[in-house]
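Under mature numbering (1 follows the signal peptide of the UniProt record, and there is no 0), the residues of the sequence shown are numbered -19 to -1, 1 to 415, in order.
For reference, the structure discussed in these notes is given below.
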Amino acid sequence: MELLARTLFLCFTFTLTYGAPSPPHDAATEDVDAALPDRCGGLEFDAITPDEKGMTFFFKGSHLWKGFTGPAQLSNESFRELDDIHHIGHVDAAFRMHNPENTDDHDHIYFFLDDKVFSYYNHTLEEGYPKEIHLDFPGIPTHLDAAVECPKAECGADSVLFFKGNDVHVYDISTKTVKTKVWPHLPVCTAAFHWLEHYYCFHGHNFTRFHPLTGEVSGSYPKDARNYFMICPNFGHGDRSKVLKCSDVKLDAITSDDEGKTYFFAGPMFMRLDSRRDGLHAFPITRTWREMTSGVNAVFSYTDKMYMIKGDQVYIFKGGAHYTLISGYPKTLKEELSIEGPVDAAFVCPDEHTVNIIQGERILYVDLTATPRAVTFNLTMPVNNIDAARCGSDGIELFMGSKFFKYLDVATLTMTRLRPMPLSITSEMMGCQD
Ligand SMILES: *[C@@H]1O[C@H](CO)[C@@H](O)[C@H](O)[C@H]1NC(C)=O
Ligand SMILES: *[C@@H]1O[C@H](CO)[C@@H](O)[C@H](O)[C@H]1NC(C)=O
Ligand SMILES: *[C@@H]1O[C@H](CO)[C@@H](O)[C@H](O)[C@H]1NC(C)=O
Ligand SMILES: *[C@@H]1O[C@H](CO)[C@@H](O)[C@H](O)[C@H]1NC(C)=O
């Protein structure tokens, strides 16, 4: 576990790979077609964009890669018309439109080649395309270097950032106006990409994270893209390219916070499930909750705080831009919740002030507004060996290995002796492989 946590510390992201380690990668056994470009060799991408399903495409010359693992393939197999019409075999820039107010172009992928723009949806070229760039994006120059969408939450208005040299043309989608900024401190970006609230400029085989409004770079950049955005032998998580099967999923904890962000925890990793649109990626827990160096047994959210239980300790983190451990924590379960460990799972239902603690086949209620805390109910459930539990507006989910049970509410869970049919975790839910 220790070694695993250290290996993964560097990772920005990777496909669901926290299962058993795959055998060591031997470069000599790699069957690399000499004609195909190798992104692990260190190349400069022309463009990077997600599609409407959250699959990330990386472009170089006439080839692309789908996702963070796997070989290059011809771009025209996925986007047929790109070189059909142009015969130039590369894209300058690409982005996925974020324009929820207009379903005509929301989630469409836009490609830029010289002075032309192509709009794709469902991997099909839209009627009327390709067009000249100025017809769709007045004021935007031809022969771009990079482009990335910037939703209202980060840019104030739904926008697109177009990069050409050190100039950044900020295009407001609804007003069709352009503001040009110069960011000479930022390397010239040949591709740009956005994942949740983070923005990345790619240059050479490196990338630099920047603030989408100011261009400001904080932290130590550039970093080598091969350690973060792809799975390469001898880089970052290179030896961990096994994709987790849904039937092998085993959660330690799951929770939804006040803002509707849902997190699950398994071993040293966590994943945000509300990020499906941008692609699901697992991260080391310590990247967000620094003190949780050996995983969690149970997690619940209450008000703007996240309670993490490990062994007989409770860690309380305050939410916000970052999670910070509240001073004085961890405390023992006895001190904080008036119970003994271990805890299998815990959840608080929306707008409630009682935490439901699951231990074996028992469920304990602890009122979070009472001091000192006391167990107010101690009941049995019709299920045992629960790994993780969550309560949302749609009821309660109790996870056991790769299965889960759904209950309407806590009363149904404790009053009935019937076990509902177990349901299976799907790739749709957790990004695993069916
Ligand atoms: C894709 O491009 C390759 C190489 O340029 C070409 O040989 C092939 O015929 C193209 N395929 C399609 C479907 O256009
Ligand atoms: C997407 O394209 C596929 C094949 O190209 C087609 O079968 C499917 O109906 C399309 N889906 C939508 C929503 O247009
Ligand atoms: C990539 O970044 C490293 C520093 O992390 C730097 O030493 C190297 O020169 C950069 N390489 C390229 C091709 O930009
Ligand atoms: C809950 O009830 C069971 C059975 O009566 C008992 O063994 C257990 O100690 C109780 N737990 C708590 C925390 O009160």
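Using N, Cα and C, we set each Cβ at its ideal position, and we do this for glycine too.
Fair warning: this is a prediction, and the values are worked out from it, not measured in the lab.
To the nearest whole angstrom, what separates the beta carbons of residue i and residue j, a pair I think is in contact under 8 Å?
i    : j    : result
A326 : A392 : About 18 Å; that fails the 8 Å criterion.
T243 : D255 : 5 Å
K231 : D368 : 6 Å
V98  : P119 : Actually they do not touch by this definition, with Cβ atoms about 12 Å apart.
V198 : H184 : Actually they are not in contact, since the Cβ atoms of V198 and H184 sit about 12 Å apart, beyond 8 Å.
K291 : S275 : 7 Å
A173 : A127 : 4 Å
E333 : M362 : Not a contact, Cβ separation roughly 18 Å.
K133 : V151 : Contact doesn't hold; Cβ gap of about 13 Å is too wide.
F49  : F210 : 6 Å
Y283 : V329 : 5 Å
A206 : H175 : About 15 Å separates the two Cβ atoms, so there is no contact after all.
Could you check if residue i is buried or exposed, using at least 16 other CB atoms within 10 Å of its CB as the buried criterion?
i    : result
N278 : buried
E409 : exposed
L45  : buried
R20  : buried
A9   : Interpretation of A9 is limited by its pLDDT of 38, a score under 50 that renders its predicted location unreliable; the figure taken from the coordinates is listed afterwards. Its Cβ having fewer than 16 others within 10 Å, A9 is exposed.
D32  : buried
N337 : buried
M396 : exposed
K178 : According to the sequence shown, residue 178 is Glu rather than Lys. Exposed is the call here.
A355 : exposed
G412 : buried
H303 : exposed
K41  : buried
L389 : exposed
G260 : buried
L314 : buried
R77  : buried
I406 : buried
D73  : buried
L225 : buried
I307 : exposed
R400 : exposed
D7   : Note that D7 has pLDDT 39, beneath the 50 cutoff, so the model's placement of it is unreliable and the number below is only indicative. Looking at its Cβ environment, which holds fewer than 16 other Cβ atoms inside 10 Å, D7 is exposed.
L125 : buried
R271 : exposed
D192 : The question names Asp, but residue 192 is His in the sequence shown. H192 should be labelled exposed.
G51  : exposed
M36  : exposed
M402 : exposed
P81  : exposed
R398 : exposed
Grab the span of the alpha helix (DSSP H) containing residue i for me, first residue to last.
i    : result
S374 : Premise fails: S374 is in no alpha helix (DSSP H) and is neither H nor E.
N337 : Note, N337: premise wrong, no alpha helix (DSSP H); beta strand (DSSP E) at T335 to Q340.
V391 : V391 to M396
K315 : L314 to L318
K157 : No alpha helix (DSSP H) holds K157; DSSP gives it neither H nor E.
S100 : Not the alpha helix (DSSP H): S100 falls in the beta strand (DSSP E), residues K97 to Y102.
M411 : S408 to M411
Examine ligand 6 and report whether any of its heavy atoms sits within less than 6 Å of the Cβ of residue i.
i    : result
V356 : Ligands present in the displayed structure are limited to ligand 1, ligand 2, ligand 3 and ligand 4, and ligand 6 is not among them.
Going by DSSP, what residue range makes up the beta strand (DSSP E) through residue i?
i           : result
A53         : Element bounds for A53: n/a, residue is neither H nor E.
S43         : Premise fails: S43 is in no beta strand (DSSP E) and is neither H nor E.
R77         : A74 to R77
F251        : M250 to R253
residue 429 : In the structure as shown, the chain starts at -19 and stops at 415, and residue 429 therefore has no counterpart that could be examined.
I90         : I90 to L94
S237        : A234 to S237
residue 498 : Summary: the structure shown does not reach residue 498, with the chain confined to residues -19 through 415, and so no result is reported for it.
K231        : Where K231 is concerned, there is no enclosing beta strand (DSSP E), given that its DSSP letter is neither H nor E.
Y346        : R343 to D348
A206        : Here A206 belongs to no beta strand (DSSP E), and DSSP marks it neither H nor E.
P31         : A28 to P31
Y244        : T243 to A247
F386        : K384 to Y388
P265        : A263 to P265
**Q.** Around ligand 2, Cβ to any heavy atom closer than 7 Å, ordered along the chain
**A.** In chain order, the hits are N103, H104 and T105.
Q | Neighbouring residues (CB closer than 5 Å to any heavy atom of ligand 1) | A | For ligand 1, the selected residues are L55 and N57.
Q: Closer than 7 Å is what we want: which residues have a beta carbon that near any heavy atom of ligand 3? List them in chain order.
A: One residue list follows from the rule of a beta carbon closer than 7 Å to any heavy atom of ligand 3, given in chain order as H184, G185, H186, N187, P203, K204 and D205.
**Q.** Ranges of the beta strand (DSSP E) found wholly within the stretch 110 to 189, counting only runs of at least 3
**A.** DSSP runs (the beta strand (DSSP E)) wholly in the stretch 110 to 189: 127 to 131, 140 to 145, 148 to 153, 158 to 163, 172 to 176 and 179 to 184.
Q) Unbroken alpha helix (DSSP H) runs of length 4 or more, entirely within the stretch 276 to 318: which are they? A) Within the stretch 276 to 318, the runs of alpha helix (DSSP H) at least 4 residues long that lie entirely inside it are, in chain order, 314 to 318.
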